[in-house]
Every structure is written in structure tokens, then in C-alpha cells.
Amino acid sequence: MSISYLEAIREAQSLALENDENVFIYGQDVGAFGGAFKATKNLFQKYPDRVIDSPISEDAMVGLAVGAAIEGMRPIIEMQFADFSSVGFNQIVNQAATLFWRTAVPCPITIRLPSGGTPGSGPFHSQCMETIYAHYPGTIVMTPATVEDAYSMLLEAIAIDDPVIFCEHKYLYYHLKSDSLPKQTLPAKSARIVRSGRHATVVTYSAMLHEALRAADNMKNDGYEIEVVDLRCIKPIDMSTVLGSIARTGRVLAIGEAFPWGGVTSEIISRISSEGFNLLDAPPVRLNSIDTPIPYHPDLWRYHRPTASSVEEELRKLIRE
Amino acid sequence: MSISYLEAIREAQSLALENDENVFIYGQDVGAFGGAFKATKNLFQKYPDRVIDSPISEDAMVGLAVGAAIEGMRPIIEMQFADFSSVGFNQIVNQAATLFWRTAVPCPITIRLPSGGTPGSGPFHSQCMETIYAHYPGTIVMTPATVEDAYSMLLEAIAIDDPVIFCEHKYLYYHLKSDSLPKQTLPAKSARIVRSGRHATVVTYSAMLHEALRAADNMKNDGYEIEVVDLRCIKPIDMSTVLGSIARTGRVLAIGEAFPWGGVTSEIISRISSEGFNLLDAPPVRLNSIDTPIPYHPDLWRYHRPTASSVEEELRKLIRE
Amino acid sequence: MANSANQNQKLNGKLSTIAVDTYRWMVLARTFEDRISNIYRAGKIVGGVYVGKGQEAFSASLASQLMKGQDIYSPLIRDMAGRAAFGEPLIDAARTYLGSAQGPSVGRDGNVHRGNSQEGMPTMISHLGAMISVVCGMLFARRLRKKLNTVVGAACIGDGATSTGAFHEALNMAAVEKLPLIISIANNQFAYSTPTDRQFACNELVDRAAGYGVNGININGTDLVECIEGFEKVISLARAGDGPQIVVGNLLRLSGHGEHDDAPYVSNEMRSSDLGQDCLLKAKNKIIEESWCTENECNEIQEQATVEVNAAIAQAESEKGPNPYSHDWNAYSSPSFRK
Amino acid sequence: MANSANQNQKLNGKLSTIAVDTYRWMVLARTFEDRISNIYRAGKIVGGVYVGKGQEAFSASLASQLMKGQDIYSPLIRDMAGRAAFGEPLIDAARTYLGSAQGPSVGRDGNVHRGNSQEGMPTMISHLGAMISVVCGMLFARRLRKKLNTVVGAACIGDGATSTGAFHEALNMAAVEKLPLIISIANNQFAYSTPTDRQFACNELVDRAAGYGVNGININGTDLVECIEGFEKVISLARAGDGPQIVVGNLLRLSGHGEHDDAPYVSNEMRSSDLGQDCLLKAKNKIIEESWCTENECNEIQEQATVEVNAAIAQAESEKGPNPYSHDWNAYSSPSFRK
Ligand SMILES: Cc1ncc(C[n+]2csc(CCOP(=O)(O)OP(=O)(O)O)c2C)c(N)n1
Ligand SMILES: Cc1ncc(C[n+]2csc(CCOP(=O)(O)OP(=O)(O)O)c2C)c(N)n1
Ligand SMILES: [Mg+2]
Ligand SMILES: [Mg+2]
């Protein structure tokens with residue numbers, strides 16, 4: 002058996018629908034059609050009442066989810082692309098994320114954001130929006146990088162009594178495969194050391210994990226052992242795993258695909274510097290995409306975001322420091 | 002003569018309307034009524050065609066501004082409260098901020114956001130949204146902390162050929178006064194050393210500047226000299242002024258009123274750690290509001306955001322490090 | 015239709031009861047809000063005070079005909095009367111205004127930002143239009159759980175809020191899902207200072223209904239009987255499966271936007287027009303005229319309201335505000351994510 | 015109205031010219047998009063391809079009656095025909111699809127994301143509904159500068175996009191400002207896979223018009239003459255100061271949502287219904303039937319289109335893509351903020 006990242010997302014939703022009658026999926030074209038990326042394929046056929054096509058109304062979609070959550074349901078909202086959640090931004094950060102704090106009523110909704118760049122997707126079908134949502138109190142933001150995590154973290158997201166922004170990466174949808182779905186799982190809020198090393202730590206998440214791993218592979222030939230930490234959940238951040246790693250390596254590079262001002266790499270480096278200053282043997286380093294919208298042309302796009310080779314370049318500089 | 006922060010904003014708009022026929026103001030109640038905070042008082046009376054009441058349609062308000070900018074106008078959009086710009090978020094970050102990059106047509110719009118907490122304003126009339134807008138490529142984000150800057154930076158914002166998010170702080174509107182409007186001005190993109198010192202640097206902006214200055218005053222009695230840097234513009238950030246200060250003090254505390262995950266303090270500390278690691282004699286420190294929505298009750302509110310006394314506490318710890 | 019005389023009579027029997035009941039809530043709301051305004055003017059309320067003066071008939075007529083513990087009611091800033099009629103304890107309102115830690119939001123939010131969603135009254139956020147889709151979701155959930163039955167959900171907004179995208183998306187969604195949603199639009203002629211001709215260009219807001227494929231009615235919001243009958247009609251239609259309903263109440267805000275605002279932009283003509291009539295006085299006259307109550311009984315209603323208001327305010331004033339040091343500073347509900 | 019026969023005759027004189035002109039752009043668009051689809055299928059286009067097959071008559075009839083260099087035209091994903099009719103050079107389209115660095119977006123954006131706002135054609139962003147208020151702003155600016163005169167601005171959208179808050183806010187704003195805005199709604203029965211009954215519940219989308227206080231018409235979008243006449247009418251109304259206009263064209267998308275989609279959700283009945291008629295074939299028949307052109311002339315139009323398309327594509331294919339190393343990686347326009 003071989004299962005893709007996308008199929009894992011579908012399987013998790015299928016299982017959630019099966020196990021809990023309070024779960025339903027609402028989004029554009031998620032019904033009979035199975036979704037723009039087929040993440041809900043065949044689910045409508047099995048659960049026709051609970052896999053529902055929405056109008057093109059991202060604001061109202063999220064509002065509806067909050068209302069349903071108030072009544073005890075556990076809605077999953079599929080945004081057709083993460084980028085379009087900008088239209089639902091207000092309801093996400095001001096309605097959903099504040100509900101529990103304002104009213105003591107939990108808000109167990111999961112908002113699935115097909116995120117990140119792929120060649121030719123351009124400025125409005127490629128965005129990573131984790132930063133925006135993580136900034137607001139009350140949200141949990143998950144960014145799975147593996148097939149196993151896509152599955153287990155989505156199940157956990159649906160089970161959590163708080164709004165979860167689930168950033169699934171489109172670049173991983175079809176390419177990333179695994180032999181099986183996980184039996185035992187790490188809680189979503191824990192980071193994972195994916196590869197151990199001693200010369201430097203890379204802290205990253207989502208699709209960038211794979212660029213980091215490729216860079217680490219390349220550098221092995223030269224005797225460099227790079228430790229790679231997958232954050233998995235970017236809000237909250239599991240700082241103890243991160244700091245534990247830096248305690249061993251003394252050097253850190255944080256990588257993110259999002260825009261460079263603010264965001265996960267900034268939060269990570271800032272917290273490492275405050276909380277683990279004395280662990281550092283060299284200045285901590287960040288690598289993000291370039292500070293422009295995400296370009297359409299594949300040649301521009303590959304240059305715009307971090308890749309194994311730019312990661313490697315940064316790591317070599319970092320180790321020489 | 003004495004002029005308040007709010008009056009300075011009004012004067013700047015008045016001058017801009019007078020000097021350039023392409024400038025107009027569009028927003029809810031900005032016309033005959035003069036705006037919810039009276040920031041446009043009497044301007045409609047002088048420029049009835051160019052100070053215009055909008056419907057309650059933040060998305061379309063920003064879209065209209067972009068269209069007018071395409072035609073060569075220089076619109077000023079007043080959001081009634083920064084918090085409501087969440088509804089115009091999509092047009093700001095995806096339409097306005099990308100326009101020049103996509104089409105080579107400049108987008109000289111200014112979006113005024115009455116920002117920040119005041120007692121009793123609660124979770125939806127108190128937000129600081131600079132982080133959200135600064136994250137996106139193409140925006141310039143200004144956060145004036147003084148009467149003089151409110152005036153000169155707003156004039157500069159209107160003159161700039163890129164979209165400027167102008168975060169004016171409501172807490173400063175009436176309380177902050179100055180004797181006169183500035184003649185000579187520092188460019189908006191430069192940070193300013195407001196107070197010099199040698200024991201530690203505080204990097205901050207907007208209303209928090211005044212909390213920092215009070216803390217610095219208090220500590221003077223004990224012989225501590227605190228240098229205070231006002232960022233003024235939080236995107237882009239003038240790192241050379243910041244690093245220059247840290248080169249003198251070796252210690253830094255970054256303060257922001259916004260939510261703690263990400264944001265200005267995170268970006269600042271992260272960049273200081275990367276770019277000025279060897280200047281630091283102690284771990285860099287951040288102070289933000291608490292990670293919940295902004296509370297209504299004044300007693301909760303005062304505890305939620307940083308104040309002179311919490312700043313002082315952090316500074317004393319920092320200096321002892 | 016055939017025996018409408020008969021039906022009218024039946025309704026009339028009911029009408030007197032509903033009218034007096036609704037009037038009671040109107041009086042309570044007016045009395046409470048007058049007190050709150052005074053306290054505000056004395057500088058003892060932090061934040062804004064937004065009252066429903068002139069809108070009580072419209073607001074309460076909807077809520078008094080909803081079934082507490084079953085239906086859903088989402089009030090907005092000028093719905094003190096509706097809140098009371100829907101069953102909100104007066105003490106909740108007093109506590110929220112006065113910042114008591116025992117209020118429904120424990121001091122975290124103030125003034126009109128209170129509710130009890132487990133009792134069918136969700137707590138509003140400030141962003142106009144944003145609550146309508148929440149009511150859609152509550153109704154949608156009940157239908158999914160096969161608990162919808164004859165439940166209806168009402169969402170209140172003002173004329174200005176009809177310009178929001180949120181209003182449009184939610185109404186359209188409700189129409190597509192044929193949800194038993196009632197949108198009650200209090201057209202008080204202004205959004206803050208902005209008159210309706212800067213807000214929309216249709217002849218009547220109710221002309222929007224056809225564009226969504228829903229039913230809509232236009233009523234005189236200053237007239238208690240017209241309000242009761244109008245809401246009665248749309249509530250039964252919604253209960254019977256007719257889908258979303260729009261009710262536009264034409265009236266005038268008899269206060270400023272908030273108590274800080276003396277509303278110089280409202281012309282004297284408008285104030286002295288029919289729209290500017292005080293629904294409370296009109297209702298009292300009507301009730302006496304129809305002999306549903308005597309003048310004495312009406313005065314008793316007022317006295318009782320005063321007693322209740324005094325008690326609630328005294329109680330709230332005697333209570334402590336939240337203590338920041340022991341406050342639960344947690345935005346998460348899930349135990350494993352709480353600090 | 016009195017001498018409408020006379021008027022009709024006048025129009026008819028014009029009609030034949032406009033019809034043939036419009037038909038030319040329809041043919042050009044179809045020919046171009048057919049080629050682009052083939053190139054896409056051959057794996058040589060990165061990203062999506064969205065075509066206007068079946069919508070050419072509706073799309074081009076609007077644009078061919080606008081005045082280039084004066085009016086504003088904001089096309090969406092299915093408006094290749096309208097873009098061409100409004101004067102977009104074919105090479106701009108070819109370059110954008112094929113990623114040439116010489117295209118209007120220099121490779122920064124692709125496929126349908128091209129425009130030239132200085133020529134009155136703003137470049138779309140993907141967020142549906144978001145361009146309408148931009149057109150409002152362009153018209154608003156011209157009015158402020160006293161350069162509006164008889165200018166009109168058109169914004170194109172689909173049935174699905176009417177569910178967005180952006181659509182509502184912009185249309186309402188245009189109505190309040192009485193802007194000469196034409197919203198052209200191509201109701202192609204689907205938004206991606208979603209049929210209109212999951213998108214709205216009104217009988218006809220044109221029923222929305224009254225709710226905004228604007229004029230609206232409903233036309234058969236597969237019929238070239240009806241499209242020309244319909245748009246002619248609303249364009250003159252808008253020019254004459256009648257405010258916003260809505261035109262709903264009923265038709266069927268004769269392609270998938272994108273060329274990756276074979277649209278199994280479109281039923282055979284619908285495909286073979288009147289809505290499913292190919293506007294291009296119908297137009298050709300009509301033109302020949304009315305003797306506006308001979309069959310030969312029609313074939314020449316096709317041949318000429320093929321020549322132009324071949325040339326544009328060959329040219330674009332021969333050009334280089336952008337070079338990331340020398341690319342201007344700057345999102346700011348102001349010199350003092352550029353790196
Ligand atoms: C999205 C949004 N924009 C702006 C505001 C600020 N605001 C609060 S009340 C108000 C006027 C509302 O007018 P209307 O809907 O007619 O209600 P009314 O106050 O007349 O009852 C405005 C503009 C807001 N709350 N939400
Ligand atoms: C705000 C927003 N949400 C979702 C999408 C994704 N999307 C792109 S096209 C489309 C369907 C559009 O349907 P319609 O408006 O009818 O136009 P058509 O494709 O039929 O021409 C969707 C949902 C989007 N572009 N913008
Ligand atoms: Mg109003
Ligand atoms: Mg469509």
C-alpha cells in the first residue's frame with residue numbers, strides 16, 4: 002500500500018466523519034465533486050448530509066462554522082486555496098478565535114488551508130498564511146510536513162476544542178507518499194527531531210522540511226551532520242524541543258516559505274535568542290522567501306522560495322561562523 | 002499654541018488636501034460629521050468634493066482607493082477603528098500591496114488605522130494590526146508616537162507612491178500635545194533615538210514609547226541610563242539605528258502592544274540576534290501584551306498591555322543579567 | 015384568506031396579551047437605558063453606551079414572540095428591549111455595563127457585548143454583519159442533528175450594516191440552505207452620522223428580498239401593533255418552512271449614535287416627522303385606548319420596571335470588578351493547550 | 015418610443031457592423047484558446063488554463079461596444095473574447111500564457127492575470143468580486159477630476175462570484191455614488207462544479223438589481239444579436255447618467271472549469287438544452303442568414319484569426335522567460351524604499 006499526503010487528509014476526514022456525527026465538511030465544491038484537489042473525494046457519497054457545497058462566501062462559511070460549533074458540532078471548513086481565506090479573515094480571527102475567551106463556549110472548528118507554492122500557481126494560489134492566523138490569540142496553527150502528520154494531526158485538529166488552522170501544503174499533496182498510516186502518533190503540539198546531527202540545527206516546518214533534509218543529505222558527504230527539527234505546530238511552538246537541539250549543536254537556521262517580515266522564522270529566532278542565548282555559538286540565521294508576492298513563472302518561483310541549495314548555502318556559512 | 006496628536010493628523014490631511022487636488026478622504030462619517038474621532042473635522046466644509054462619507058463596506062472602500070490610485074489619485078482611507086480593517090484585509094494585502102509589483106502602476110494610498118487600546122474599548126476597538134499588514138510584501142507601515150511624527154509622517158505617507166498603513170494610536174489622540182508642528186522632519190523610514198543612555202536599549206514604537214520613557218525616567222534615580230529608540234516605521238525597519246544603539250548599550254528590550262506571537266518585537270529581536278549577535282552582552286528580551294483578546298475592563302486592560310512598571314521590571318532584570 | 019375576519023379576531027385575542035407583554039419589556043429597556051445613560055454621564059461607565067431609544071417596539075416585538083429555550087435570537091447594539099423580552103436577566107446587562115466580574119463576560123467585554131449562546135442568544139462581536147452567518151450556522155447545526163423542527167433564528171441589524179459583505183453572504187447562504195432565518199433590519203435612518211442615501215440607493219431596503227429569493231416585509235417600526243403583527247407573520251412563515259425572512263422596520267433613533275453623540279446631523283423635520291414618534295408613548299396610548307390595560311396598570315408597569323432596574327444596578331454596583339492577578343488569562347479551551 | 019421603427023432601423027444599420035466586428039473577436043478568442051488548450055495538454059503551459067468557450071458572444075458584445083482609450087473594462091477568467099475586442103494585443107495573451115519575460119507581467123503572473131490599467135483594463139487578482147470596487151474607484155476618480163464625461167466602466171464576473179461580499183459592497187457603493195458601472199454577469203450555470211441552486215435562491219440573478227436601486231436586464235448569452243442589443247442599451251443608459259447597470263447573460267460554459275477538468279457534473283440534458291448552444295456557430299449562421307457576411311467572408315475571418323494566433327504564439331514561444339538573477343525583486347515603487 003502507498004498513500005499520499007492528500008489521501009491521508011482524505012482518510013482522516015473520512016474517519017472523523019465515521020466516528021463522530023458532529024463532524025461535517027463545508028466548502029466550495031467539496032460535495033459530489035470531491036473538492037478542487039480531491040481532498041474530499043467520495044466522502045459526499047458516504048455522508049451526503051455532512052459533506053456540503055458552499056457558495057463562494059468565505060466570510061459566511063466561517064461564520065456558519067462558528068454557529069455550528071456553538072451548537073456542539075465540529076465543522077471542517079475547506080478553503081479552496083489558503084489565499085482565499087483572506088476573505089474569511091475577520092470571522093476567523095475575531096469571531097472564531099475569540100469565542101471561548103469571550104463566552105466560555107468552545108469553538109472546535111478546523112479550517113483547512115491548501116497552502117504554499119507550486120510551479121505556475123502565482124501570487125494568489127500559493128500563499129502561506131500561518132503567520133497571520135498565529136498572531137491572534139485563541140488559534141492553534143498546524144503545519145504538517147509528512148503523510149503521517151497530515152493524517153494524525155488532522156484527526157487531532159478535529160478533536161481539539163479550539164479553532165485549528167490546518168495548513169496543508171499543496172506541493173506535498175501528490176508527491177509525498179508513505180507506506181502506511183501511523184498507528185502511534187506524537188501529539189500535534191510537539192516538535193519532532195527528524196534527523197539528528199551535531200554541527201547545526203535547522204528548525205522548519207511544512208514543505209521546507211524536505212528542502213532542509215535534502216540540504217542535510219548533500220552536506221553529509223562533507224562530514225557535516227545537520228540536525229533537523231520539524232515544528233509541526235507553529236502555534237503554540239514547542240520551544241523545549243527546539244532549545245534541546247540547539248543545546249547540542251550551538252547553531253541554528255530557521256527556514257520558512259512565508260514572506261520574510263515577521264512570521265514563524267522571526268518568532269523562532271526571537272524566542273531562541275531570548276530563551277537560549279547562552280546555547281548559541283554563532284548568530285542565529287533565518288531563511289525565508291523574497292519580499293515580493295509569489296511569482297508565477299517557475300524559474301522565478303524557484304528562486305523566490307528557499308530551496309535545498311539556498312538552505313545548504315546558509316548552513317555552510319553558519320557552520321563557518 | 003498647543004496641538005494634539007489628533008489635531009496634527011487633521012492638519013496634515015488639511016495641508017495635503019490643499020496642496021494636491023489628487024488627495025481625497027473616504028471613510029465612514031468622515032464628511033460633514035468630521036469622523037468618529039473628529040480627525041477630519043471641518044475638512045468636508047473646506048473640500049466638499051474630496052471628503053466623502055462611505056457606506057459600511059471596508060472591502061469596497063479599499064478597492065475604490067486602489068482604482069482611484071490607478072487613475073493617479075492619492076486616496077486616504079479612514080477606517081473607523083483599525084479593528085474593522087480586518088474586513089478590508091483582502092483588498093489591502095492582495096490588491097493594493099501587489100499592484101505595483103504586478104502591473105508597474107504605483108499604488109499611492111494611505112490607510113489610516115485608529116489603533117491600540119484605551120480603557121473600556123474592549124476586544125474589537127483596541128487592536129494593533131501592524132503585524133498583519135507588515136507581513137505582506139509591498140506595504141509600508143508607519144506607527145507614529147509623537148505629535149510631530151503624526152503630522153510629518155502622515156504627510157509623507159500621502160506623498161509616497163506605495164500603500165502606507167498608517168497606525169495612529171487612539172490613546173495618544175487627545176492626551177499627547179505639542180507646542181507646534183515640526184518644520185524640519187526626519188524621513189519616516191528612519192528610527193529615532195529619543196533618549197540616550199548606556200545601560201540598555203529599549204526599542205519600541207507608538208504608544209509604548211511613552212511607557213518606555215516613563216520607565217526610563219523612573220530608573221534614572223537609581224543611576225540607570227536607558228536609551229530609547231522609537232522605530233517610527235515598522236516596515237521597513239531602520240536596523241542601522243537599532244544596531245548602533247545596541248553597540249553602545251549591549252542590552253536590548255523590545256516592547257510592543259500587539260499580541261505576543263510574531264509581530265514587531267519578534268522581528269526586531271530576531272534581526273538583532275542575526276545581524277548584531279556580537280553586540281549583545283545579555284539575551285535580548287521582548288515584552289508584549291498577554292496572549293488573549295484585549296479585555297474591556299480597565300483593570301484587566303492595564304494588566305494586559307505593557308506599562309511603565311512592567312517595562313521597568315523587565316529592564317531591571319535585563320540590566321542584572 | 016376566506017375567513018380572515020375570524021382569523022383577525024383570533025389574533026386580536028392574542029394580540030392584547032402579546033402587546034402588554036411586549037410593552038413591559040419596552041418599558042424595562044427604556045428605564046434601564048435611561049439609568050445607564052445617567053450613570054455614563056456621571057462618568058461612572060468606562061467605554062461606550064449605545065441605546066435603543068425609539069426602537070424598543072420593533073426590537074421587543076420580535077423577541078417577545080420567539081420561544082425561549084428553543085429559538086435563536088442574536089441582538090445588536092440597540093436591542094436592550096429584545097434582549098429583555100428574550101429572557102436576558104437584567105442583572106447580566108447591569109453587570110456588563112458596570113464591569114462586574116460576575117457578568118456573563120467576567121469583565122472581558124462590556125456594554126452590549128453580552129449573551130448566552132447556550133440559551134440561544136449568541137454574544138455579538140462588533141464587526142457589523144458578522145453575527146448573521148453565526149445564526150445560520152446554529153440553525154444549520156440543528157437541522158443536521160434533526161433538532162430543527164420549528165425552530166427559527168433571528169438576527170438583528172441596522173440599515174448601515176446592510177452595506178457589509180457579511181450581511182450579503184450570510185443572507186444568500188441562508189436562502190440557499192432555506193434556513194428559518196429572520197433578519198430584522200432596524201432602519202433608523204442613520205448609521206452613526208451617515209444618512210441612508212449615502213448607504214443604499216434602492217427605494218426600500220425590503221426590495222433586497224426578491225434578489226435573494228426570500229420573503230420580505232416593510233413595517234412602521236414605531237407602531238407596536240404593526241411590529242407585533244409583522245413579526246408574527248414572518249415567524250410563522252419561517253416556522254412553516256418558507257425560508258429566510260426580512261423585516262425592515264422604519265423608525266428613527268431617538269438618541270445619538272452613542273451617549274457621547276448629540277446627533278446634530280438629525281434634522282428637526284425628521285425629528286418631528288412620523289418616523290420620529292416615540293414608540294413607547296404610542297404604545298402606551300394604544301394599549302389604553304384599546305383597554306388592554308388601564309392607565310394605572312401602565313403606570314404600575316413603569317413602577318415595577320424602576321424597582322427592577324434599581325435593584326439590578328445596585329446589585330451590580332456592589333460587586334467587584336475582575337482581579338487581573340487571579341484572572342484566567344487563557345484564550346484556549348483545550349486543557350492541553352492552556353498555560 | 016414614438017418612432018421606434020425608425021430607431022430600430024438606425025440600430026440595424028449599426029448592428030450589422032457591430033455584429034461582424036464582434037464575431038471577428040469571438041473567432042479570434044476561440045481560435046487562440048483552442049491553441050492554448052492544446053499547448054496545455056501537451057504539457058507546455060505551467061499553471062491553469064481557463065477558457066471562455068460558449069461565452070464569447072456575451073463577453074465580446076460588451077467590450078466591442080466600449081470606447082477604447084476612454085472606457086474601462088475589467089475582464090475575468092472567461093473574457094478572452096472581450097479582452098481582444100477591447101484592444102488587448104494578442105501577443106500580450108500569448109506571452110502571459112507562455113511565460114515570456116516580455117509579457118505585461120514579465121512572468122510575475124500568468125494566464126488570465128494580465129491587463130493594462132493605463133489603457134483602461136485593470137489586471138485582475140484571483141479573489142472573486144474584488145475587481146468591481148476597483149472599477150468603481152477608477153470611475154470615481156474620473157468624476158473627481160471632472161474627466162468622467164460619458165465614460166462607462168464594465169466589470170465582468172460569473173454567477174458564483176455574486177455570492178461574495180465584495181460583489182455586494184461594490185455594487186451597493188456604485189449605486190450610492192450613481193457611477194456609470196456595468197456589471198456583466200455571465201451565468202454559465204456553474205461555479206466550478208457548483209450549480210446555481212447551491213449558489214443563490216432567487217429566480218433570476220437580475221432580480222438583484224431592484225435591491226440596489228439599479229437597472230438590470232436578462233439576456234440570452236448564446237445569442238449574439240441579443241447580447242449586442244442588450245449591452246447597447248445599458249451602455250447608453252450608463253453614459254446618459256442612469257447609474258449602475260446589471261446584465262445577466264444566460265449561457266453554458268462549454269468547457270471544464272479549467273482545462274484540467276472534464277466537468278462530469280454537467281448533465282447531458284443541460285449540454286443539449288438551448289443554453290448549451292454554441293454562440294459561435296449561432297452567430298455565424300445568423301450573420302450569413304442576414305447577409306451581413308457571406309460564408310466565404312466568415313471563413314476568411316477564421317483564416318485570418320488562425321494566422322494571427324499562429325504568429326502570436328510563435329513569437330511568444332521564441333521569447334525567453336524571466337531571469338531570476340537579473341530580475342527586479344522589488345515590491346515597492348518609491349525609490350527611497352527600494353532595495
Ligand atoms: C465592519 C464594521 N465597520 C464599521 C463599524 C463601526 N460602526 C459601529 S456602529 C456603526 C453604524 C451602524 O449603523 P447601523 O447599522 O445603521 O446601526 P445603528 O447604529 O443605526 O443602529 C459603525 C459604522 C463596525 N462596527 N463594523
Ligand atoms: C474569493 C474566492 N473564493 C474562491 C475562489 C476559487 N474559485 C476560482 S473560480 C471559482 C468558481 C467561479 O465561478 P463563477 O463565478 O460562476 O465563474 P465561472 O468560473 O463559472 O466563469 C472559484 C470558487 C476564488 N477565486 N475567489
Ligand atoms: Mg442605523
Ligand atoms: Mg459560473
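The listed protein sequences derive, respectively, from chains A, B, C and D.
The first sequence begins at 2 in this note's numbering and counts up by one.
The second sequence begins at 2 in this note's numbering and counts up by one.
The third sequence begins at 15 in this note's numbering and counts up by one.
The fourth sequence begins at 15 in this note's numbering and counts up by one.
Backbone N, C-alpha and C define an ideal beta-carbon position, used for all residues, glycine too.
All values reported here derive from a predicted model rather than from experimental measurement.
Relative to ligand 3, is the shortest distance from any of its heavy atoms to the C-beta of residue i smaller than 7 Å?
i: glycine 214(C); result: Before going further, note that residue 214(C) is phenylalanine rather than glycine in the sequence given. No.
Mind reading off the beta-carbon distance from residue i to residue j? Whole number of angstroms is fine, and I expect it under 8 Å.
i: alanine 97(B); j: valine 52(B); result: Actually they are not in contact, since the Cβ atoms of alanine 97(B) and valine 52(B) sit about 21 Å apart, beyond 8 Å.
i: leucine 219(D); j: isoleucine 199(D); result: 6 Å
i: cysteine 150(C); j: leucine 65(A); result: 5 Å
i: aspartate 239(B); j: lysine 190(B); result: 6 Å
i: isoleucine 86(C); j: methionine 152(C); result: 5 Å
i: glycine 235(C); j: glutamine 69(C); result: 7 Å
i: aspartate 260(A); j: serine 290(A); result: A small fix is needed here, since residue 260(A) is phenylalanine in this sequence, not aspartate. With a Cβ gap of about 6 Å, phenylalanine 260(A) and serine 290(A) count as contacting.
i: serine 58(A); j: threonine 178(D); result: 7 Å
Given 7 Å as the limit, tell me if residue i has its C-beta closer than that to any heavy atom belonging to ligand 2.
i: glycine 222(D); result: Before going on, a small fix: residue 222(D) reads as arginine here, not glycine. Because no heavy atom of ligand 2 lies under 7 Å away, the Cβ of arginine 222(D) does not count as near it: no.
i: asparagine 5(D); result: Residue 5(D) falls outside the range modelled here, since chain D spans only 15 to 353, and no answer is possible.
i: isoleucine 57(A); result: yes
i: isoleucine 53(C); result: no
i: threonine 178(D); result: yes
i: phenylalanine 85(A); result: yes
Is residue i a contact residue of ligand 1, with contact defined as CB to any heavy atom under 7 Å?
i: glutamine 29(B); result: yes
i: valine 88(A); result: no
i: leucine 185(C); result: no
i: glutamine 81(B); result: yes
i: isoleucine 91(C); result: yes
i: leucine 142(C); result: yes
i: histidine 274(D); result: no
i: histidine 271(C); result: yes
Any heavy atom of ligand 6 closer than 7 Å to the CB of residue i?
i: valine 60(D); result: Ligand 6 is absent from the structure shown, which contains only ligand 1, ligand 2, ligand 3 and ligand 4.
Residues from the stretch 94 to 124 of chain D in contact with chain B, defined by Cβ distance under 9 Å: Flagged, chain order: Pro118, Ser119, Val120, Arg122 and Asp123.
Counting beta carbon pairs with one atom in the stretch 268 to 284 of chain A and one in the stretch 141 to 154 of chain A, are three or more of them shorter than 8 Å? no
If you measure from each residue's Cβ to the nearest non-hydrogen atom of ligand 4, which ones come out under 7 Å, in chain order? Gly172(D), Asp173(D), Gly174(D), Ala200(D), Asn201(D), Asn202(D), Gln203(D), Phe204(D), Ala205(D) and Arg267(D)
Name, going along the chain, the residues of the stretch 83 to 108 of chain B whose beta-carbon falls closer than 9 Å to a beta-carbon of chain C. Asp84, Phe85, Ser87 and Val88
Along the stretch 60 to 76 of chain C, where does the CB come closer than 9 Å to a CB of chain B? Name the residues. Val60, Gly61 and Gly62
Just checking, does the stretch 162 to 179 of chain C make contact with the stretch 135 to 149 of chain C on the three C-beta pairs under 8 Å criterion? yes
Of the residues that make up the stretch 224 to 240 of chain D, which ones have a beta carbon closer than 8 Å to any beta carbon in chain C? Those would be Ala224, Gly225, Tyr226, Gly227 and Val228, in chain order.
Check whether the stretch 156 to 173 of chain A and the stretch 196 to 204 of chain A touch, using three or more Cβ-Cβ pairs below 8 Å as the test. The stretch 156 to 173 of chain A is not in contact with the stretch 196 to 204 of chain A.
Anything in the stretch 156 to 190 of chain D with a Cβ closer than 8 Å to a Cβ of chain A? List those residues in chain order, please. Gly174, Ala175, Ser177, Thr178, Gly179 and Ala180
Sufficient close CB pairs (3 or more, under 8 Å) joining the stretch 88 to 97 of chain D to the stretch 306 to 319 of chain D: no
Which of the residues in the stretch 133 to 146 of chain D, read from start to end, lie with their CB under 9 Å from any CB of chain B? Pro136, Thr137, Ile139, Ser140, His141, Gly143, Ala144, Met145 and Ile146
For the 8 Å Cβ check, are there 3 or more pairs between the stretch 35 to 43 of chain B and the stretch 177 to 187 of chain B? no
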